[in-house]
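Some notes on the structure that comes next.
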Amino acid sequence: MLALVAGSLSGCATPSAPYRPPWTGDALVDGQHAVSNAPPKDKVMWQMITARSALFQKNYDLAEDLLDDVLRSIENRYGKDKEARKSRKLF
Numbered sequence: 001m002l003a004l005v006a007g008s009l010s011g012c013a014t015p016s017a018p019y020r021p022p023w024t025g026d027a028l029v030d031g032q033h034a035v036s037n038a039p040p041k042d043k044v045m046w047q048m049i050t051a052r053s054a055l056f057q058k059n060y061d062l063a064e065d066l067l068d069d070v071l072r073s074i075e076n077r078y079g080k081d082k083e084a085r086k087s088r089k090l091f
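This is the structure in structure tokens:
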């Protein structure tokens, strides 16, 4: 009985839930928030999603900025420079 009480009082370490931003319903606001707070591996994806929303809302300046950043990121990863070649060898 004592072991049962001690076990229930000790508790267990549950991992904390990942950060989830409060969604406003505005695709551009939510997208920009996701771009700035996303893990580095998801940043390009969120930039592309937000750029798509910006194009639908005819916010061409924002879409252009986001897509320019996306192209730079992709070019850095898959371009013909020496560092890109070096990073591709790691896979």
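Quick note on our numbering: the sequence shown kicks off at 1 and runs consecutively.
We put the CB at the ideal spot given by N, CA and C, even for glycine.
Cutoff 6 Å; reference residue i; Cβ partners in own chain excluding five residues on either side
i, result
"D61", "none"
Alpha-carbon spacing of residue i relative to residue j, whole angstroms
i, j, result
"K43", "K89", "23 Å"
"V70", "Q47", "7 Å"
"P24", "V35", "The amino acid occupying residue 24 in the given sequence is Thr; Pro does not appear at that position. Going by the C-alpha atoms only, they are around 15 Å apart."
"L67", "Q57", "15 Å"
"D92", "P40", "Only positions 1 to 91 of the chain appear in the structure, and residue 92 is not among them; the question remains open."
"R72", "K82", "15 Å"
"M45", "R52", "11 Å"
"I74", "A63", "16 Å"
Proximity winner among the options, relative to residue i (alpha-carbon distances)
i, options, result
"D26", "P40, P39, T50", "T50"
"A54", "S73, G31, N37", "G31"
Beta carbon of residue i nearer than 8 Å to that of residue j
i, j, result
"L28", "N76", "no"
Neighbour flag for residue i against chain C, beta carbons, 8 Å
i, result
"L28", "Annotation note: the requested chain C is absent from the structure, which comprises a single protein chain."
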